[in-house]
Structure formats: structure tokens, C-alpha cells
Amino acid sequence: MKRETDLLALAREWVERAGAVVGKGVELEVFAQEHRGLTVKAFGGEVESLRYSHSRGVGVRALREGRLGYSYCTGMGWEEVRRAAEEAAANSLYGAPDEHNRLPGPSTYAQGDLGIYSPEVEDTEPARKVEMALELERLTLAYDRRIEQVETAVYSDAVAEVAVASTTGLGGSYRSSDCYCYVYPMAREGDEYQTGFSFDVGVRPSDLRLPGVAEEAAERAVCLLGSSSMPSRRTNLILDSFVAAEFLGMLAAALSAEAVLKGRSFLAGKTGEAIADPKVTVIDDGLLPGAPSTAPFDDEGVPSRRKELIAEGVLKGYLHNTYTASRAGTESTGNASRGSFRDRPRVGASNLFLQPGKGGREEIAREVGEGVLVLQVVGAHAGANPVSGEISLGAVGLLVKNGAPQRPLREITLAGKALEFLARTVAVGEDLRFLPFEGSLGAPTVAIEGVMVSGRG
Amino acid sequence: MIDEETARRVLATALSLGGDFAELFLERRHGSSLRLEEEKVEDCSSGSEIGAGVRVMRGESMSYAYTNDIGEASLLETARAAAAASRSGGHALINLEKPLARLPVLREHPVELGIDEFPREEKIELLRRADQAAREAGPHVVQVVVLLGDSRQEVLVANSLGEMASDLRVRVRLVVQVVAAKDGEMQTGHETPGTLGGYELFRDFPPEEAGKAAASQALTMLEARPAPSGPMAVVIANGTGGVLFHEACGHSLEADAVYKRASVFAGRLGEKVASPLVNAYDDATLVNRWGSFCYDDEGARAASTPLIEEGILRNFINDRRRSLRDGVPPTGNGRRQSYRFVPIPRMTNTYIDRGAARREEIIADTSLGLYALKLGGGEVNPVTGDFIFAVTEGYMIRGGEVAEPVKGATLIGNGPRVLLDIDAVADDLDFDTGMCGKEGQAVPVCTGQPTLRVREMVVGGTTEVM
Chain Y
1 MKRETDLLAL AREWVERAGA VVGKGVELEV FAQEHRGLTV KAFGGEVESL RYSHSRGVGV
61 RALREGRLGY SYCTGMGWEE VRRAAEEAAA NSLYGAPDEH NRLPGPSTYA QGDLGIYSPE
121 VEDTEPARKV EMALELERLT LAYDRRIEQV ETAVYSDAVA EVAVASTTGL GGSYRSSDCY
181 CYVYPMAREG DEYQTGFSFD VGVRPSDLRL PGVAEEAAER AVCLLGSSSM PSRRTNLILD
241 SFVAAEFLGM LAAALSAEAV LKGRSFLAGK TGEAIADPKV TVIDDGLLPG APSTAPFDDE
301 GVPSRRKELI AEGVLKGYLH NTYTASRAGT ESTGNASRGS FRDRPRVGAS NLFLQPGKGG
361 REEIAREVGE GVLVLQVVGA HAGANPVSGE ISLGAVGLLV KNGAPQRPLR EITLAGKALE
421 FLARTVAVGE DLRFLPFEGS LGAPTVAIEG VMVSGRG
Chain A
458 MIDEETARRV LATALSLGGD FAELFLERRH GSSLRLEEEK VEDCSSGSEI GAGVRVMRGE
518 SMSYAYTNDI GEASLLETAR AAAAASRSGG HALINLEKPL ARLPVLREHP VELGIDEFPR
578 EEKIELLRRA DQAAREAGPH VVQVVVLLGD SRQEVLVANS LGEMASDLRV RVRLVVQVVA
638 AKDGEMQTGH ETPGTLGGYE LFRDFPPEEA GKAAASQALT MLEARPAPSG PMAVVIANGT
698 GGVLFHEACG HSLEADAVYK RASVFAGRLG EKVASPLVNA YDDATLVNRW GSFCYDDEGA
758 RAASTPLIEE GILRNFINDR RRSLRDGVPP TGNGRRQSYR FVPIPRMTNT YIDRGAARRE
818 EIIADTSLGL YALKLGGGEV NPVTGDFIFA VTEGYMIRGG EVAEPVKGAT LIGNGPRVLL
878 DIDAVADDLD FDTGMCGKEG QAVPVCTGQP TLRVREMVVG GTTEVM
């Protein structure tokens, strides 16, 4: 038999003791999280800042006759946890009764190595990590003489442990480690400045390929020098994989069953319909080996799994947690998600990605012939509305003519509707990459035809 | 939370291996949140946090460590972690021989109805009032979400300059989100009254008003036509319009961006950067404003800082590090989301001040343009000043009159160029609340401005101008 971690044993103990405190008729779920990390920022050849973090906290969900209450505390002392449990139980008196509010029961979790933990994070000296941030800055500066400076170069890692236990008999825990680095270089020519960006992510420091990150970030800044706007017109878009992943973020929000059930998704009521070109297949896989959001279970202890959400253009289903699944009369897809122990679980994607097709960025540009290769979009939070499906974003990129990049573009906007973008997807590349920010979204290069691009001139 | 002597020992430990400056930050916070959706209270949460962070600076380098345990042993251990990370040397700004001097405790932002005294039942009633008002606004309102959040945050800051300050911040904010739908088309509206104060907020800003305003925005946009694209005059309404100045100029006035020369305003103090009609301030002393406080998160006194006066760039806003390193007085803008974060220069309540014109005159004087009544979020490249903003409630101006509503419009431009192109400023200054994000930290801020006109901006839309 597998030995339980200390944190799970502690969580089980709290459930038992707190259960006795709040009394019969109240179900409890305890979510405990401990996190140790280091973040190094380099600037100007110096350590701009070095931050050690160590946080511990517990969130308690209480369920009483269909009413939910939540509370949390920092630290892991019994007194704090007891108070949080009492508060959660008291808060539940104010929640509206809903038969679909329920705590999941016990499950068996995926055995075997998910590739999400390596002791290397803790075994690597802080001095080596500091050197990695400094090296990333150096490599980026050295890439091209027009890279005037690096706004920030960052190395960061963390080791986390999560345990969840409940009076419904559920119990599980896992440990994970993650490392990432990113860099924002600034390129200059005359009076013009452009910024670039790149990153890498892994479970151990040695996963990070600093030279590749430096080169890509610098190249993304330098290639924009000499940019100008373009006259407004309808044209084709080639979305770089970073940009395609940002668009996928909007889709992920609209695929949440919570948004669908509550009338906040442009994808509501469309299951079984062809909503995209057959080249589009979107998958959410919580067990994808080594991926940023991989874990044996979701944030309420339901086993993670893989599911197709859009299969060859047809909408197959939504992301569910226990609550939304009960309301929709289906099973949870293992997509309960919370920011931290401070938040009760809601619905969120795990590793959500667009299934790769054929060809890299160059081949797709050749195929499309004319259009705009989009390298960055700005305003994704404001300008891509998952409720209405409307898209209106600023962008920078390269003008593509005769299948090759011609000149850099700035001060342009892209506008349209998400469903049009999905239906007009004419190519999906093979160069899948995961963007680890705000979840774990992965996309390859994507081409879309006939999009309104506005500019001046 | 701790006494002067303990704080002094922690600071001395932090500097035991060298450094120019050390600081201890302690925080205790509790609060609650309520969420009403589908006319039901679907979330009733509360929580409490305790934490402390120790920082050591040497030259431009800084190290930071934090803990959730504020007992003396844990604080000393945290101080040792921060010390070990800092390289040796440095001695400049240390005054730990004498006891720490406690700065006066200030209560400049009165709280009448505190968050713990105001009953939960009445909080729920506020949610219901906002919800009902929104639903009564029209049959096309299909979804209303109302959130109410409150918090009480005590902070204590002690530093090796020999000072110790504490601050108490009580905050309350209501967020109303409305979705309206008709013929397969969906539009959203939202409204967010908030205060550095207590529940008396809702005497001046009844929740019904917020509900109605959010619903009206969604319903209006349901009737809107697709916005045209191309360059045109843009009149930006008072209140939420201030977010444009905040994003497109304010962030470039933060001293860390200026120091890294990642700001279009670097090296331009004393120069003309805006139309002479523009006076802009960052002011954390505005009574009961959402972005206010008495001391910042580094123990510096809150201040009103002129940023631009009659078009001339006057000041940047700084934090302790930039103040000490650049030898300029602190502006009281060192802020952090919580003890888990390093403080950095942040805006508080940032606004363009009122002018002499009247809103009606400005509109009457515009033959063709866009009237941006509500702006959503946006993004800016601080190095170039290029920005984009979503117009969440917009109308065309035709022949000096507000005409049909338009949807899907964005404003595209360059911060410094827009500042120079402001050609009319009205007298109707108003503020809006927001949470500003920077380097992964969110802090409460107000944005503000009167109605103003920008001579020409690129409007991104989906159709040609008609």
C-alpha cells in the first residue's frame, strides 16, 4: 500500500476533528496547500530582486442541506483550521439551497509517474538559479546589437503540495514542481523601440533552454523594427502559436459549463453542432505527462482525465465540475479549479490545446500567400469577450505577401466574431506550444481567412 | 502587531550580513465576499490571513522572504533568509542604534459602518437591490451577477531608517455584471462602486443605481450597430474614461519603468508632454477614495503628486528604492498586493483634473466623431506608449449631437500623442474604481477624468465610416 503524505494525513485529521466541531448535518471538505518557491529577476547584470516564498493555507468548504459556505486561513495550526471550519459552516447558513451542490465521493487516482515532480528544484543551489537569470539576460543582449536592453529576465521555480480530504471519504494528495524563465528584451533603432518576449517551462531547472529563449525573444523584438500601420481591409491572419493560445483562452472561458449554464457563453446550446472548420480539434487533458496543469485529480478531488471538446469542428461538450455536471445531468470532467486555498472551486481548463496539424509557420505563410502574421495581440482581456464572442484586439506583426513576410506592422486592430474565426480556420500547424500563464493553453500556428484588419494610412 | 524592540531585532538580523536598507512588513487581513447569481446567494465566503515579509536592499539589488508565522522566532528566521540572499557590503542608510520612532497613527478615512458590524443579512439585501434594479431595466436582461467584497487590512512597516508606521484600511466594493440578449446577440454591462471606508458607501451610491447603470449599458449595446473604423475625433466621457490616462500614461510615469528607460517619459521632466489644457495628479489622500491610504506599504506618507501641470511633466511616482537610489523625496506610491510581494511604484487615485468647458459644448462642437461613454480594459506597451482600449459603451457623434450606439469599437493610439491631441476638457471630473495589475500584483486604484476630446484617434471597428 502506498504511504500517505503527511499533508494528507493532516487534512484527514482536520476533517475528522472539524467534523466533530461543526456537528452532524454538515459535510466538510478541506483543501490544504503548501508552496515553496524562489524567483530571481535580473536587470543590468545585477540581481534586481530575489524572492523566497513559503506559503501555507487551508480552505474549508461546508455543505449543509444543499447550502454551501466557504472560509480559509493562512498557516496550518489546528486553531486556525478550526476557526475556518466554523466560519465555513456559519457561512453556509446564508447560501441558497441547491440540490446540485454536493461534495464528490472517494475515487481512485491515476497511479504511476505523471512527470510533474522532480527533486532537482530543491537540490539546485540558489546561486545556480541566480546565474540562470543573469545568463538569460546576457544571452538576450548578445543576440543582436539592436537589443538595447532587457527590461526583465526572470528565473522562477516552486515546489507545491496539495491535499484534499472530506467527510464524504475522499482523500488525495500530490506533489509537483515547476520552473520557468522568461525575458522581455527591448530593441531600438533610431527613435523606435520594440519589445519582444519568450519563455520556457519545465519541471526541473535543467529543462529550461536559455539560448533558445534568448534567441526567440530577441528575434521577436528585432523583427518589428521599422514598423508602421496599414490601410484597413479584410485579409487573412496567420496567428503565431503564442497568439493562437491567447485566443484559445477566450474559447476555454466559453467552454466552461458554468458560463454555459449561466448564459455567459457564446457556445451555449451548440453541442453537436459544427462550430468550426473540421481542421479544429480542441482537447483538454489533465493527465498530459509533464504538462503545466497535470495532476492526478482536480481542485475538488475528482480524477483528472482527457476529453475532446471540439472534434473535427463539432462541439462535443463542456468543462464540468461536480456542481455543473449535476445540473447538466452528466459527469464531472475533472475540471474543478481554484486559484489557491483562498478560493472555492469553480470550473477551469487543465491543459487545453488545439490538436496540431501539418506544417510550420513558414509553410502556412506560403500556403496562405497574403495576409498578416500576428506576433502579439494587446487587449486580450478587454477585447476578446467570451460572453458575446466578439473580438476586437490591437496587434503587431508582419505583413505577408507572396507567401513571405514583407514588413513589420503596428497600430492595427483585428475585429470579428469568435465563431467566424473558428469557421474560417484554413490551416492548423504542427508547432504546438503551451503558454503556461493563466492556466495551460497550447496551440500551434493557425491561419484564418477574411478577417477585418483596421489601421491608418 | 509587534513591538518596536522586536522589529529592531528583526531589522538588525536582516542587515547582519550587510546591506544598505532593511524593512519589515507585517499584515493581518480578514474579509468576506458574497456572490448573487440567478437571484441566489451562490457564494458566501470569508477568510483571514497573517503574514510578514523582510526585505534587504544593497545597491540596486534586493532580496525578499516571507512567512505566514509572525512569531519572533519565525520573523528572525525570515530575516536571516533575506540576509543570506543579499551580498555583503553596504552601510549607508542604517539607523538602528536608537529605538524605532513610531509615526503617528492616522485615521483620515472615516469608517461609519464597519465590515464586521454591518450584518450579513443587510449585505445580502444590498445584493438583492442591485439585482432587482438590473432585472427591472428591461425584458432582455438575461443574467445578473452581483458581487460584494469587503476587507479590513492592518499593516505595520518598520525600516532601518529607524521608522515604524502602521495603517488600517477598510474597503468595500460592489460589482454588478449584466448580460442582455436578443435575437442570438449578447451584450454585457458592468458597474463597480467602491470605497476606502465602510458600508455607508451605499447611502451615496444606492446599489439600485449600479444595477440600473450596468443594465442600461448592456441594453443599449444590444441595439448598437457595428462601429466604423478609421481615424476620427473621440470624446471620452468622465469617470471610466480615466482608465485611458491610467494605462496609456500613468504606467509610464512609474519610476521603475523610468529607471529602466522602459518609459516614453524617461528624461523628460520639465518638458511639454501634453496639451496645455492637461493637469494630472496621483492623489492617495482623497478622502474615502478606493485607491487611498494614510501610509503606503513601505511606511511613506500618502501624498498628492502633480504629474502634469498645464502640459508640463512635473513628477514621476516612486517607491522607497527609487527614492533612496535617485535621491528624490518619496511620493508615497510603494505598494504591494500583500506580504507575499515586493513593493513597487504603483498609482493610487490617478486623474486628469477638471477644465473650464462644458460637456454639452464639447459635443456640440464635434461634427463627426465617437462618444466613448464607457471604456473597458486595455493594454499598453509602456516602451512605445502604443495602446488599445475597448469601448464598452459608445455612440457616434453626428452634427454636434450624440447619435446611434455603436459596438465593437476600440481606441488605438499612442499615449504621448493623445495627451498632445487633447483639445477640450470639461468641468465634470468623476472617478471610477478598479484593480490594477502589474508584475502579478493587483492593488485597488481609482481612475478619473472629466469629459474630454481627443482631436483624432484611430477607431478600430468592423465597418467603414458612413
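Protein sequence lines correspond, in order, to chains Y and A.
By the count of our numbering, the first sequence reaches residue 457 at its end, each step adding exactly one.
By the count of our numbering, the second sequence reaches residue 923 at its end, each step adding exactly one.
Glycine residues also receive a C-beta, built at the ideal position from the N, C-alpha and C atoms.
Model, not experiment: these values are computed from the prediction.
Return the first residue and the last residue of the beta strand (DSSP E) that residue i is part of.
| i | result |
| --- | --- |
| Y:S173 | G171 to E189 |
| Y:R64 | E46 to R64 |
| A:L533 | It is not in any beta strand (DSSP E) - A:L533 instead sits in the alpha helix (DSSP H) that spans E529 to A542. |
| A:K639 | E620 to K639 |
| A:I581 | First-last for A:I581: R577 to R592, but that is the alpha helix (DSSP H), not the beta strand (DSSP E). |
| A:F478 | F478 to E494 |
| Y:L287 | First-last for Y:L287: undefined, no H or E at that position. |
| Y:F434 | R433 to L435 |
Starting from the beta carbon of residue i, find every residue of chain Y whose beta carbon is closer than 8 Å, and list them in chain order.
| i | result |
| --- | --- |
| A:P688 | R456 |
| A:N525 | H54, S55, R56, G57, T74 and G75 |
| A:G865 | E390, S392 and A415 |
State the start and end residues of the unbroken alpha helix (DSSP H) segment that holds residue i.
| i | result |
| --- | --- |
| A:K669 | P664 to L679 |
| A:T697 | Careful: A:T697 lies outside any alpha helix (DSSP H) and carries neither H nor E. |
| Y:V368 | R361 to V368 |
| A:D713 | A712 to Y716 |
| Y:N236 | Here Y:N236 belongs to no alpha helix (DSSP H); instead the beta strand (DSSP E) covers R233 to L239. |
| Y:T324 | T322 to A328 |
| A:S780 | R777 to D783 |
Short of 7 Å in beta carbon distance, which residues of its chain neighbour residue i, apart from the five on each side in sequence? Order them along the chain.
| i | result |
| --- | --- |
| A:K580 | L491 and L605 |
| A:S531 | T524 |
| Y:S388 | F266 |
| A:T823 | A690, V692, I854, G857 and R910 |
| A:T470 | L533, A536, R537 and A540 |
| Y:T322 | R102, P104, E300, V302, S332 and A336 |
| Y:E48 | K41 and A42 |
| A:Y716 | R779 |
| A:L570 | G655, Y656 and E657 |
List the residues of chain A whose Cβ lies closer than 9 Å to the Cβ of residue i, in chain order.
| i | result |
| --- | --- |
| Y:H320 | Those do not exist, as Y:H320 stays about 16 Å from chain A at its closest Cβ, beyond 9 Å. |
Can you name, in chain order, every residue of its own chain whose Cβ lies under 6 Å from the Cβ of residue i, other than the five neighbours on each side?
| i | result |
| --- | --- |
| A:S709 | S720, V721, F722 and P839 |
| Y:G397 | V372, L373, V374, L375 and L409 |
| Y:A11 | V30, A32, A163 and A165 |
| A:E565 | C751 |
| Y:L432 | P356, G442 and P444 |
| Y:I448 | L237, F421, R424 and T425 |
So which residues on chain A does residue i lean against when the C-beta distance must stay under 7 Å?
| i | result |
| --- | --- |
| Y:S232 | S686 and G687 |
| Y:T195 | N838 and V840 |
| Y:E87 | S503 |
| Y:V47 | S518 |
| Y:N91 | C501, S502 and S503 |
| Y:M186 | A719 and V840 |
Using a cut-off of 9 Å between C-beta atoms, extract the partners of residue i located in chain Y.
| i | result |
| --- | --- |
| A:K497 | G95, A96, P97 and D98 |
| A:Y808 | None at all; the shortest Cβ gap to chain Y is about 20 Å. |
| A:M853 | Near A:M853 there are no residues of chain Y at all, since even the closest Cβ is about 16 Å away, more than 9 Å. |
If I'm right that residue i touches residue j with Cβ under 8 Å, what's the distance once you round it to whole angstroms?
| i | j | result |
| --- | --- | --- |
| A:N745 | A:L653 | 6 Å |
| Y:Y182 | Y:S198 | 7 Å |
| Y:E430 | Y:T324 | In fact, because the Cβ distance is near 34 Å, the residues do not count as touching under 8 Å. |
| Y:G416 | Y:V451 | 5 Å |
| Y:A133 | Y:R36 | Not a contact, Cβ separation roughly 18 Å. |
| Y:S229 | Y:R456 | 5 Å |
| A:I820 | A:Y828 | 7 Å |
Closer than 7 Å to a non-hydrogen atom of the ligand HEM - does that hold for the CB of residue i?
| i | result |
| --- | --- |
| Y:R410 | In the structure shown, the ligand HEM is absent, as is every other ligand, since no ligand is present at all. |
For residue i, go through chain A and note every residue whose CB falls closer than 8 Å to its CB, in chain order.
| i | result |
| --- | --- |
| Y:E273 | Those within 8 Å of Y:E273 in chain A number zero; the least Cβ separation is about 13 Å. |
I want to verify the contact list: residues of chain Y whose CB lies under 7 Å from the CB of residue i, in sequence order.
| i | result |
| --- | --- |
| A:V799 | S49 and R51 |
| A:H581 | What sits at residue 581 of chain A in the sequence shown is Ile, not His. The contacting residues are Y94. |
Among residues of its own chain, excluding the 5 on either side of residue i, which ones have a beta-carbon nearer than 8 Å to its beta-carbon?
| i | result |
| --- | --- |
| A:H548 | The pLDDT assigned to A:H548 is 49, lower than 50, so where the model puts this residue is not dependable; a value taken from the coordinates is nonetheless given after this. Result list for A:H548: G475 and D477, in chain order. |
Original post:
Should the region 773-785 of chain A be called in touch with the region 670-680 of chain A, which here means at least 3 C-beta pairs below 8 Å?
Top reply: Verdict: no, contact absent.
Original post:
How about the region 328-336 of chain Y and the region 268-286 of chain Y: do they share at least three Cβ pairs that are nearer than 8 Å?
Top reply: In this structure the region 328-336 of chain Y touches the region 268-286 of chain Y; the number of beta carbon pairs closer than 8 Å is three or more.
Original post:
Are three or more beta carbon pairs between the region 509-526 of chain A and the region 336-356 of chain Y nearer than 8 Å?
Top reply: No, because fewer than three Cβ pairs between the region 509-526 of chain A and the region 336-356 of chain Y fall closer than 8 Å, the two stretches do not touch.
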